[in-house]
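Engineer: First, the structure itself, so that you have it in front of you.
In my numbering, the protein residues as written are 326 to 619.
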């Protein structure tokens, strides 16, 4: 019996190692021309890369492959509410990741997250599914929730099952759990018409704790020629609410942005240098996007 268990353990370990190596080859580094960056997944061999919208908070950046090659990347589709972005690089015969069915996930399944946290290339963390995307939605969205450890740089990277099939795109941490956009939601995102647009602002944001139960959104990048730049928002500003209504989390900001009409003023409550003030932004469909990081 002991010998049999040893053989099973050795086989399982070898299978996981092989799956991990395949996922690492399909995981890329995504970088802009400014601050920030993260991970991405080679979705198809012809140069389609999937990452988070908050990682690709620019129109043109770079993608570095597992073998060290670097390619210019262009954002070809974005969904800020779902935190997804599709990039295109001019490359072929890439090691595309196999895509799994996120609806088939079960609580307790073994999952793996691969990414580039804190400068570590192809880092692996393992955990179990805590809640499947067919379960109760968190703040109106379905997520794959898993007890894997994520750090800055993991965003946009793959969450896979034990066989190395991508079942989610890692997005953020909430309540100590990793939240990943389900793979089936990614497929739905890719099937939308390219002309589909959402109201856009032009900032990249990081949630921050302001104490006393208050939450804010720190601006760490402002896109040139965006609605945010035109309104005078700057790096270091902290968004705290809309027209006196405080944010409870990133989803509240996304909801306020999506509720704004094209050309309508959006009065944002801002902390600048610790002092509260009101900045009114005119939202347009053509402005650069607003993105939220975990």
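Using N, Cα and C, we set each Cβ at its ideal position, and we do this for glycine too.
Please read all numbers here as calculations on a predicted model, not as lab measurements.
Contact check, residue 348 vs residue 557 under 8 Å by CB: the rounded distance?
Structural biologist: Incorrect: roughly 43 Å between the Cβ atoms, too far for contact.
Engineer: Which residue or residues does DSSP assign as beta-bridge partners of residue 397?
Structural biologist: 387, per the DSSP bridge assignment.
Engineer: Taking only three categories from DSSP, how would you classify residue 403?
Structural biologist: DSSP places residue 403 in strand when its eight states are reduced to three.
Engineer: By Cβ distance, which residues of its chain are closer than 6 Å to residue 396, with the 5 residues on each side in sequence left out?
Structural biologist: Result list for residue 396: 388, 414, 416, in chain order.
Engineer: Are the segment 371-385 and the segment 450-458 in contact at 8 Å, needing three or more beta carbon pairs?
Structural biologist: Cβ pair count under 8 Å is below three, so no.
Engineer: Mark residue 340 as exposed unless 16 or more other C-beta atoms lie within 10 angstroms of its C-beta, in which case mark it buried.
Structural biologist: Under this definition residue 340 is an exposed residue.
Engineer: Look at the alpha carbon of residue 398 and the alpha carbon of residue 485, and state the distance between them as a whole number of angstroms.
Structural biologist: Distance between the alpha carbons of residue 398 and residue 485: 24 Å.
Engineer: Between the alpha carbons of residue 463 and residue 506, how many angstroms are there, rounded?
Structural biologist: Any reading at residue 463 must be qualified, since the residue scores a pLDDT of 44, below 50, and its modelled position is unreliable; the value itself is stated next. Cα to Cα, the separation comes out at about 12 Å.
Engineer: Mind the definition here: the segment 552-572 touches the segment 600-609 only if three or more C-beta pairs lie below 8 Å; say whether that holds.
Structural biologist: Contact holds: three or more Cβ-Cβ distances are below 8 Å.
Engineer: When you compare each of 401, 390, 492 to residue 471 by their alpha carbons, which one comes out closest?
Structural biologist: Closest by alpha carbon: 492.
Engineer: How would you write the range of the beta strand (DSSP E) that residue 496 sits in, first residue to last?
Structural biologist: Start and end: 491-499.
Engineer: Name, in chain order, the residues that DSSP records as bridge partners for residue 413.
Structural biologist: 373, 399, per the DSSP bridge assignment.
Engineer: Give a yes or no on contact between the segment 415-430 and the segment 442-450, applying the rule of three or more CB pairs nearer than 8 Å.
Structural biologist: Judged by Cβ distances under 8 Å, the segment 415-430 makes no contact with the segment 442-450, as fewer than three pairs qualify.
Engineer: Using CA atoms only, rank isn't needed, just tell me which of 572, 504, 595, 509 is closest to residue 540.
Structural biologist: Out of 572, 504, 595, 509, 572 has the C-alpha closest to the C-alpha of residue 540.
Engineer: Under 9 Å, do residue 367 and residue 422 count as touching if we go by C-beta distance?
Structural biologist: For residue 367 and residue 422, yes; Cβs fall inside 9 Å.
Engineer: What does DSSP give as the partner residues of residue 471 in its beta bridges?
Structural biologist: According to DSSP, residue 471 bridges with 454, 503.
Engineer: Just to check my reading of the structure: residue 364 and residue 441 have Cβ atoms closer than 8 Å, yes? What is that Cβ distance to the nearest angstrom?
Structural biologist: Contact holds; Cβ gap of about 5 Å.
Engineer: State buried or exposed for residue 519, treating a residue as buried only when at least 16 other CB atoms are found within 10 Å of its CB.
Structural biologist: The pLDDT assigned to residue 519 is 49, lower than 50, so where the model puts this residue is not dependable; a value taken from the coordinates is nonetheless given after this. It counts as exposed.
Engineer: Would you say residue 527 and residue 551 are within 9 Å of each other, going by their C-beta atoms?
Structural biologist: Cβ atoms of residue 527 and residue 551: closer than 9 Å.
Engineer: Measure the C-alpha to C-alpha separation of residue 483 and residue 602 and round it to an integer number of angstroms.
Structural biologist: Approximately 39 Å between the Cα atoms of the pair.
Engineer: When you compare only the Cα positions, how much space is there between residue 581 and residue 567?
Structural biologist: Straight-line Cα distance between these residues: approximately 7 Å.
Engineer: Could you check the C-alpha separation between residue 612 and residue 537 for me, to the nearest Å?
Structural biologist: With a pLDDT of 41 at residue 612, under the threshold of 50, the modelled position of this residue cannot be trusted; read the value that follows with caution. C-alpha separation (whole angstroms): 34 Å.
Engineer: Kindly indicate which residue of 356, 502, 565, 510 has the alpha-carbon position closest to the one of residue 533.
Structural biologist: Of 356, 502, 565, 510, the residue nearest in Cα terms is 565.
Engineer: On the criterion of 16 or more Cβ atoms from any shown chain inside 10 Å, does residue 480 qualify as buried, or is it exposed?
Structural biologist: Classification of residue 480: buried, given that the 10 Å Cβ count is 16 or more.
Engineer: At which residues does the beta strand (DSSP E) containing residue 545 begin and terminate?
Structural biologist: Residues 539-547.
Engineer: Output the boundary residues of the beta strand (DSSP E) element that contains residue 564.
Structural biologist: Residues 563-567.
Engineer: List in chain order: all unbroken alpha helix (DSSP H) runs of 4+ residues lying wholly within the segment 577-602.
Structural biologist: For the segment 577-602, not a single whole alpha helix (DSSP H) run of length 4 or above is found.
Engineer: Apart from the five residues on each side of it in sequence, which residues of its chain come closer than 7 Å, Cβ to Cβ, to residue 371?
Structural biologist: Cβ within range, chain order: 417.
Engineer: If you draw a straight line from the alpha carbon of residue 560 to that of residue 543, how long is it in whole angstroms?
Structural biologist: So the alpha carbons of these two residues sit roughly 8 Å apart.
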